[in-house]
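Each remark here refers to the structure printed beneath this line.
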């Protein structure tokens, strides 16, 4: 979330984090036909993850967490494709998650299933 947002970071039409106070949204990964967006408010107390399946736009899903700087697993979400996504804090050791079947697609995002 350190780089400035560009036009490629715009979330697709219809996708809604339902968090009016997000300061920044970035496209952080694309894999398996999905685009992964992270959102954060100005004081970094809210973090959000949106998963947008390119071939099934109506299957997008989002989730957010509040509470400030925490360490570990911050949030998890799953959508119609049955893919599960987990957002973790910076530097979190993901070896156990990866051993249980999750694949790291970004330094802060792991996915399984689908």
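In our numbering, the protein residues as written are 2 to 115. Here a beta-carbon is modelled for each residue, glycine too, at the ideal position from N, C-alpha and C.
- Query: By how many angstroms is the C-alpha of residue 31 removed from the C-alpha of residue 19?
  - Reply: 22 Å
- Status (buried if at least 16 other CB within 10 Å, exposed otherwise) for residue 99: exposed
- Message: In this structure, how does DSSP classify residue 24 when only helix, strand and coil are distinguished?
- Response: strand
- Straight-line Cα distance separating residue 57 from residue 73: Cα to Cα, the separation comes out at about 30 Å.
- Decide if residue 36 is buried, meaning its Cβ has at least 16 other Cβ atoms within 10 Å, or exposed. buried
- Query: Of all the beta strand (DSSP E) runs that stay within the bounds of the segment 28-64, which reach a length of 3 or more residues?
  - Reply: 35-42 and 47-54
- Query: What is the DSSP secondary structure of residue 100, counted as helix, strand or coil?
  - Reply: helix
- Query: Got a sec? Which residues, its chain only, sit under 8 Å from residue 23 by beta carbon, not counting five neighbours each side?
  - Reply: 40, 41, 42, 47 and 49
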